[in-house]
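Engineer:
Chains as they are written, first to last, in the UniProt record's numbering: chain U, 1 to 146; chain Y, 1 to 103.
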């Protein structure tokens, strides 16, 4: 048995269904944004911070990686933007991995015994750059929202 | 236009039912959606959702794809090209109707 409904009811129903089904997509977008900002904070904490900050950053990094991988892998809705951003060969993924690798190597191989302001500034600049691809991916997904 | 001149005669009867409209709207907002997500989104039983999906599938508006993830079956649903076109037309008729009401 079908209930009767007006055109306005129908438009409201459409908006509600769209909003609900897009919720996981919005969360995926915010996951990328969190990864971007997390990456920007991770490297300075690891290479410039005290031991406790390194420990917190390490645990947070692992937790964020596991949570985002699990969440994106179990999405029950497929979206073109999420699929594009999350593809291993997408410009976002490639730029993210490459910039993270460069920042890691810079921190591991070129860290002086007593890092000065210049080295710290260079590391922070690299950390910001390495977070940008994920931020771009998240922004792209969130901007595609109708 | 069909029989009458009023825009309501242009409303697609296959879509113009609350559950089917919600299914179409949800699928129009994504590439594909899983059966359980639709069920939770629309808040209907599995059997009622299946019944309406069958109607939409028979009309050529919805495509059903069954896959296995490990041993667990998953049913993915998507709009066909005809389905997207029909939904767009339906929404434009609705807008014409509501604009007429607000005048």
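Where a beta carbon is used, it is the ideal one built from N, C-alpha and C, also for glycine. These figures come from a predicted structure and were not determined experimentally.
Using a Cβ-Cβ cutoff of less than 8 Å, which residues in the same chain neighbour residue 103(U) once the five nearest sequence positions on both sides are dropped?
Structural biologist: Walking along the first chain from the start, residue 103(U) turns up at place 103. Correct list, in chain order: 43, 123, 126, 127, 129 and 130.
Engineer: Quick one: what does DSSP say residue 1(U) is sitting in, helix, strand or coil?
Structural biologist: Along the first chain, one-based indexing puts residue 1(U) at 1. Note that residue 1(U) has pLDDT 45, beneath the 50 cutoff, so the model's placement of it is unreliable and the number below is only indicative. It is coil, neither helix nor strand.
Engineer: Within a Cβ cutoff of 8 Å, which residues of the same chain sit near residue 20(Y), ignoring the five residues on either side of it in sequence?
Structural biologist: For the purposes of this step, residue 20(Y) is taken as residue 20 along the second chain, with counting starting at 1. Here the set comprises 14, 52, 55 and 56.
Engineer: In chain order, what residues of the same chain lie with their CB nearer than 8 Å to the CB of residue 110(Y), ignoring the 5 residues before and after it?
Structural biologist: Any property of residue 110(Y) remains undetermined from this structure, which presents chain Y solely from 1 to 103.
Engineer: Any chance the region 76-87 of chain U sits against the region 19-32 of chain U, with 3 or more Cβ pairs inside 8 Å?
Structural biologist: yes
Engineer: In three-state terms, what does DSSP make of residue 110(U)?
Structural biologist: Taking the first residue of the first chain as 1, we reach residue 110(U) at position 110. In the three-state DSSP reduction, residue 110(U) falls in the coil class, being neither helix nor strand.
Engineer: Should the region 32-49 of chain U be regarded as contacting the region 32-45 of chain Y, the criterion being three or more beta carbon pairs within less than 8 Å?
Structural biologist: no
Engineer: Report the three-state DSSP secondary structure of residue 14(U) (helix, strand or coil).
Structural biologist: Residue 14(U) sits at position 14 when you count from the first residue of the first chain. Helix, per DSSP.
Engineer: Which first and last residues belong to the beta strand (DSSP E) in which residue 66(Y) is found?
Structural biologist: Taking the first residue of the second chain as 1, we reach residue 66(Y) at position 66. Run containing residue 66(Y): 62-69, per the beta strand (DSSP E) assignment.
Engineer: Which residues share a DSSP beta bridge with residue 72(Y)?
Structural biologist: For the purposes of this step, residue 72(Y) is taken as residue 72 along the second chain, with counting starting at 1. Answer is 69(Y), bridged to residue 72(Y).
Engineer: Mind reading off the beta-carbon distance from residue 17(U) to residue 22(Y)? Whole number of angstroms is fine, and I expect it under 8 Å.
Structural biologist: In the first chain, the residue the question calls residue 17(U) occupies position 17. In the second chain, the residue the question calls residue 22(Y) occupies position 22. Between residue 17(U) and residue 22(Y) a beta carbon distance of about 4 Å is seen, short of the 8 Å cut, so the two are scored as contacting.
Engineer: Closer than 8 Å, CB to CB, is residue 21(Y) near chain U or not?
Structural biologist: Looking up residue 21(Y) in the second chain gives position 21. For residue 21(Y), the answer is yes, since a Cβ of chain U falls inside 8 Å of its Cβ.
Engineer: How would you list, in chain order, the residues of chain U whose beta-carbon sits under 9 Å from the beta-carbon of residue 36(Y)?
Structural biologist: Along the second chain, read from residue 1 onward, the residue named residue 36(Y) stands at position 36. Near residue 36(Y) (Cβ distances below 9 Å), the residues of chain U are 76.
Engineer: Name, please, each residue of chain Y whose Cβ falls closer than 7 Å to the Cβ of residue 72(U).
Structural biologist: Here residue 72(U) is taken as the residue at index 72 of the first chain, counted from 1. In chain order: nothing, as chain Y lies at least about 14 Å away.
Engineer: Looking at residue 53(U) and residue 38(U), is the spacing between their C-beta atoms short of 8 Å?
Structural biologist: Within the first chain, the letter at position 38 stands for residue 38(U). Within the first chain, the letter at position 53 stands for residue 53(U). The answer is no: Cβ separation not under 8 Å.
Engineer: At 4 residues or longer, and completely inside the region 24-68 of chain Y: list those alpha helix (DSSP H) runs for me, N to C.
Structural biologist: 35-42 and 46-58
Engineer: Does the distance from the CB of residue 63(U) to the CB of residue 96(U) come in under 8 Å?
Structural biologist: Residue 63(U) sits at position 63 when you count from the first residue of the first chain. Residue 96(U) sits at position 96 when you count from the first residue of the first chain. At least 8 Å separates the beta-carbon of residue 63(U) from that of residue 96(U).
Engineer: Does chain U have any CB closer than 8 Å to the CB of residue 65(Y)?
Structural biologist: Looking up residue 65(Y) in the second chain gives position 65. Using beta-carbon distances, residue 65(Y) does not count as an interface residue toward chain U, since no partner is under 8 Å.
Engineer: Which residue comes first and which comes last in the alpha helix (DSSP H) that contains residue 11(Y)?
Structural biologist: By one-based count along the second chain, residue 11(Y) stands at place 11. Residue 11(Y) -> no alpha helix (DSSP H), and no H or E assigned at all.
Engineer: Whose Cβ in chain Y lies nearer than 8 Å to the Cβ of residue 22(U)?
Structural biologist: Within the first chain, numbered from 1, the residue matching residue 22(U) stands at position 22. Those within 8 Å of residue 22(U) in chain Y are 29 and 30.
Engineer: Would you list the one or two residues that DSSP bridges to residue 93(U)?
Structural biologist: Sequence index remark: in the first chain, residue 93(U) carries index 93 (1-based). DSSP output for residue 93(U) lists no bridge partner at all.
Engineer: Taking the Cβ atom as the reference point for each residue, do residue 132(U) and residue 36(U) lie within a distance shorter than 8 Å?
Structural biologist: Position 132 of the first chain holds residue 132(U). Position 36 of the first chain holds residue 36(U). A contact, by the Cβ cut-off of 8 Å.
Engineer: Could you compute how far the alpha carbon of residue 48(U) sits from the alpha carbon of residue 32(Y)?
Structural biologist: For the purposes of this step, residue 48(U) is taken as residue 48 along the first chain, with counting starting at 1. For the purposes of this step, residue 32(Y) is taken as residue 32 along the second chain, with counting starting at 1. The straight-line gap from Cα to Cα measures roughly 45 Å.
Engineer: Please classify residue 99(U): does DSSP put it in a helix, a strand, or coil?
Structural biologist: Residue numbering aside, residue 99(U) sits at position 99 when the first chain is read from its first letter. DSSP places residue 99(U) in helix when its eight states are reduced to three.
Engineer: Counting C-beta neighbours from all protein chains within 10 Å, is the total for residue 169(Y) 16 or more, i.e. buried, or is it exposed?
Structural biologist: Nothing about residue 169(Y) can be read from this structure; chain Y reaches only from 1 to 103.
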